[in-house]
Every structure is written in C-alpha cells, then in structure tokens.
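Throughout the sequence shown, residue numbering follows the working numbering, covering 3 to 116 in sequence.
Worksheet for the structure shown next.
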Amino acid sequence: MLGFNRTYFMHFRRLLYLQLFYAILGLLFNLISWWLVSDSGKGLTPTDPKGGIIAMLVYAAFLIPGKMNRLTLYRGLMLLAVLIFGYSGIIKHILTLAQSPEVYYSLAVGVLAI
C-alpha cells in the first residue's frame with residue numbers, strides 16, 4: 003500500500019504522541035489560569051480557562067481516531083482543529099496581544115499562549 007509502510011506508522015505514532023503532549027500542556031496551562039482566576043481574579047490570558055480546558059479535552063478526543071487507525075476521520079478532525087485553533091488559538095491571541103497586552107498575565111505568557 004502506497005504510503006502505509008512501517009516507517010509511516012512509526013512517524014504517525016510519534017505525531018500522535020506530540021499532539022497528546024500539546025493537549026496536556028494546553029490543559030495544564032488552562033488549569034493554572036483557572037486557579038489564578040479563582041485566587042486573584044486574573045488568569046493567564048483573557049480566554050475563559052474553562053473553555054480552554056474543554057477545548058483541550060476535545061482536541062485530545064480528536065486524536066482517538068488516529069490511534070485507532072481511522073485515518074480519514076482523524077484527518078478530517080485535524081483539519082477542523084487547525085481551522086479552529088488557528089483562529090482562536092493563534093490569530094486571536096496575536097491580535098489581542100498587539101492591541102491589549104495588559105490583559106495577559108505577562109508578555110511572555112501571551113507569547114506562550116500563542
């Protein structure tokens with residue numbers, strides 16, 4: 003089968019682990035932000051950390067079809083994730099950081115959020 007050799011699956015498995023690592027980091031980032039909101043009233047970013055936690059859990063769930071080798075479904079979900087995270091996780095943070103950096107815990111945190 004074209005493109006479905008052992009090397010492909012080894013690289014694909016590594017990609018899935020990196021994506022899971024990204025989801026875990028995003029989850030931790032939002033949990034810290036949620037804790038800060040409850041403690042001081044200001045989170046790491048202007049984004050609602052509860053929504054960020056849900057987004058990271060949904061993203062992690064999007065990885066399940068990849069683990070099950072349901073590649074067409076996985077690719078469709080990743081396309082959806084790229085579109086959603088590309089806007090809300092990257093473009094929106096860049097614009098907000100440029101216009102209102104004070105809404106971030108720090109400039110470094112704003113860059114890290116992107």
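Glycine is no exception: its CB is placed at the ideal position from the N, C-alpha and C atoms.
Rounded to whole angstroms, the gap between the alpha carbons of Gln101 and Gly43 is 21 Å. By the C-beta density criterion, Ser40 is exposed, having fewer than 16 other C-beta atoms within 10 angstroms. Collapsing the DSSP output to three states places Gly91 in a helix.
Note on the region 19-78: whole alpha helix (DSSP H) runs with a minimum of 4 residues are 51-64, 66-69, in chain order. DSSP places Tyr10 in the helix class (H, G or I) of the three-state scheme. Per DSSP, Val113 is one residue of the alpha helix (DSSP H) stretching across 109-115.
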